[in-house]
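One point on numbering: in my numbering, the residue at position 74 of the sequence shown is 94, and numbering is uninterrupted. For every residue, glycine included, the Cβ atom is placed at its ideal position computed from N, Cα and C. Remember, predicted model here, so these are calculated numbers, not experimental data.
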Amino acid sequence: MRDQGRIDLEQRRAFLDLSERDAEALAELEVALRGEIGPLVGSLLEKLLAFPATRDLLCGGSAEGLRAAHAQYLTSLLQGAYGEDYAMERRRIGEIHQRLGGDPMWYLGSWAFYLARRIPLAIGKAGERGGDTARYVA
């Protein structure tokens, strides 16, 4: 019987087509985007507070706590270290989302919000650094 608590990192990486080269590119991008993470998280929180369904979910908690959690999430996502600790933290956050009972469309929408803003930032930062833009947005 498969251990349901274990996270199969190799399978997840394969599904996402996430190579070591990709992880390295994300780690480089994290350095370039450090100063952008706070404003990016702030703009998402403004967006979430603008909709009754997400505002109701957030009002039970601290906006500053959520801001800190999202900043930590983006930082860890961009560091390129996707080991067991990273996977367990993602699972823990997923369980919190499930317990809160929010519709998955809001969580997926939040990720899309970040992605839509990260690509232009990545292109801009790669250009500033004379880097390979495709490496950061692929």
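Asked	Found
How many whole angstroms separate the CB atoms of residue 134 and residue 78, which I take to be in contact at a CB cut-off of 8 Å?	Actually they are not in contact, since the Cβ atoms of residue 134 and residue 78 sit about 16 Å apart, beyond 8 Å.
Residue 34 and residue 61 look like a contact to me (Cβ under 8 Å); what is the Cβ gap, rounded to whole Å?	At roughly 30 Å, the Cβ-Cβ gap does not stay under 8 Å, so residue 34 and residue 61 are not in contact.
When DSSP labels each residue in this structure, what does residue 103 get in the three-state scheme?	coil
Could you check which residue in 123, 103, 110 has the C-alpha nearest to that of residue 68?	123
Mind listing, in chain order, the continuous alpha helix (DSSP H) runs of no fewer than 4 residues lying wholly within the segment 103-136?	104-120
Would you identify the three-state DSSP class for residue 39, choosing helix, strand or coil?	coil
Output yes or no for whether 7 Å exceeds the beta carbon distance between residue 100 and residue 46.	yes
In three-state terms, what does DSSP make of residue 83?	helix
Return the first residue and the last residue of the alpha helix (DSSP H) that residue 76 is part of.	72-78
Quick one: Cα of residue 44 to Cα of residue 103, how far?	14 Å
Between residue 64 and the rest of its own chain, which residues show a CB-CB distance below 8 Å, the 5 nearest in sequence each way excluded?	90, 130, 133, 134
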